[in-house]
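Q:
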Amino acid sequence: MEIQYPWLLFALPALPVVLLLWLLMMRWKKKAMQRYGSQLLLLKLIPDFSRRRNVFKFIVQFTAFALLLIGMTNPRFGYRMEKVKKEGVDIMICLDISNSMKARDIKPERLERAKMGISKMIDRFENDQLGVIVFAGRAQTLYPLTPDYAGAKLFLQSAEPDMIPTQGTAIGAAIDLAVSSFQLKSKTKKVIILITDGENHEDDAVEAARKAAEKDVRIYAVGMGSTEGAPIPMTAATGSSEYKKDQDGNTVVTKLNEPMLQQLAQIGKGTYTRATTEDAGLNRIYEEIGKLQKAEYEAMDFTDYENLFPYFMAAALLLLVGEFFIFERKSRLTRNFKLFSRPGSSYIQQKKSLNNE
509 MEIQYPWLLF ALPALPVVLL LWLLMMRWKK KAMQRYGSQL LLLKLIPDFS
559 RRRNVFKFIV QFTAFALLLI GMTNPRFGYR MEKVKKEGVD IMICLDISNS
609 MKARDIKPER LERAKMGISK MIDRFENDQL GVIVFAGRAQ TLYPLTPDYA
659 GAKLFLQSAE PDMIPTQGTA IGAAIDLAVS SFQLKSKTKK VIILITDGEN
709 HEDDAVEAAR KAAEKDVRIY AVGMGSTEGA PIPMTAATGS SEYKKDQDGN
759 TVVTKLNEPM LQQLAQIGKG TYTRATTEDA GLNRIYEEIG KLQKAEYEAM
809 DFTDYENLFP YFMAAALLLL VGEFFIFERK SRLTRNFKLF SRPGSSYIQQ
859 KKSLNNE
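Following this note's numbering, the numbering of the sequence shown begins with 509 at its first residue and continues without gaps.
(1) Taking residue 743 as the reference, which of 800, 573, 611, 788 has the closest Cα?
(2) With DSSP collapsed to three states, give me the class of residue 652.
(3) Of all the alpha helix (DSSP H) runs that stay within the bounds of the region 755 to 801, which reach a length of 4 or more residues?
(4) I'd like the list of long-range same chain contacts for residue 746, defined as Cβ closer than 6 Å, with 5 residues on each side in sequence excluded.
(5) Report yes if the C-beta distance between residue 824 and residue 529 is below 8 Å; otherwise report no.
(6) Tell me whether residue 563 sits in a helix, a strand or coil according to DSSP, three-state version.
(7) Counting pairs of beta carbons, one from the region 695 to 706 and one from the region 665 to 676, are three or more of them closer than 8 Å?
(8) Could you tell me the boundaries of the alpha helix (DSSP H) in which residue 728 lies?
(9) Kindly indicate the opening and closing residues of the beta strand (DSSP E) around residue 698.
(10) Under DSSP, the alpha helix (DSSP H) around residue 819 begins and ends at which residues?
(11) Can you name, in chain order, every residue of its own chain whose Cβ lies under 6 Å from the Cβ of residue 568, other than the five neighbours on each side?
(12) How many whole angstroms separate the CB atoms of residue 690 and residue 642, which I take to be in contact at a CB cut-off of 8 Å?
(13) Taking the continuous beta strand (DSSP E) assigned at residue 597, which residues delimit it?
(14) Can you list, in chain order, the residues of its chain whose CB lies under 6 Å from that of residue 854, leaving out five sequence neighbours each side?
(15) Which same chain residues, not among the five before or five after residue 792, have their C-beta less than 8 Å away from its C-beta?
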């Protein structure tokens, strides 16, 4: 449960203030009445007056006021899951998070530019299912296949090279893991979006792409980086910034392996595009995916919060309506009813005590 307008909670201290003011007013009324004469005399003069009705009327008003304040904050009960039918495509994004993706031949850097492009592309999705796989020397699922785009974007921002200690570029492992993430028996089209610089791949990515194509899984590739290459920023043990060096002390330059990515896209019956600082290359891929035939599937989807303010408002309204029919003085119809007084009023008790005297 959460409060939609928590700033309205600052009005809650008004409740004890109202209660205190009412108590002070009742005390003032009591002293004022005592100045006019004894309690017995006043009861004779105003026999229809009921102090208990007054108290009960205030309690009803006070409770209604409290419910109104709480209702205005709109307490909401958490997400509900519902099974819905959608038409879309199953998409697994395979994102390279190896150290070479920190190179800055694309601003602000390859990995950050890729995450920015993916995030913008996700905003354009509507009914497609989406999952995220990250890879370096091995591959792992960051977010499973789901229609929850907000969750995918949230997990995407946490993708950094230190998530996978084993360095390298296991593109084949990422493709295999993506294929295994699909429900291959379903009629929905399956798509892999491979985002990498393609350098130093350690397994047979081409063979993995062929196996994926045999299962009717399309592969779209995005090349991150430049063919000229750039050094890889690293953080030294002292905390200072430096560039990665090889065993001979030479600065390592990472270059985009464009031919290999073009080959993977061709085998996977998809397209290849190269990212730049201005364009992450995903707009074209989004348009290509949009041309694919959509298929219906069932998914558990999140619905909005269940707002509870109508219940608080309804309860407050009922109390206020009921309070309208509670009179401070006894009417002719209710004079004989002792709903708000003990069987034997203080007036009768005092009258008996005087008679005994």
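Think of the CB as a built atom: it goes at the ideal place given N, C-alpha and C, for glycine as much as any other residue.
A: Reading it off the structure:
(1) Closest in C-alpha terms to residue 743, from the list 800, 573, 611, 788, comes 611.
(2) Reduced to three states, the DSSP call for residue 652 is strand.
(3) 766 to 775, 790 to 798
(4) none
(5) no
(6) helix
(7) Taking 8 Å as the limit for Cβ pairs, the verdict is that the region 665 to 676 does not touch the region 695 to 706.
(8) Segment 725 to 731 is the beta strand (DSSP E) holding residue 728; no alpha helix (DSSP H) there.
(9) For residue 698, the enclosing beta strand (DSSP E) stretches over residues 698 to 704.
(10) Segment 817 to 832, the alpha helix (DSSP H) holding residue 819.
(11) 827, 831
(12) Not a contact, Cβ separation roughly 17 Å.
(13) Premise fails: residue 597 is in no beta strand (DSSP E) and is neither H nor E.
(14) Note that residue 854 has pLDDT 46, beneath the 50 cutoff, so the model's placement of it is unreliable and the number below is only indicative. So no residue of the chain qualifies.
(15) 779, 781
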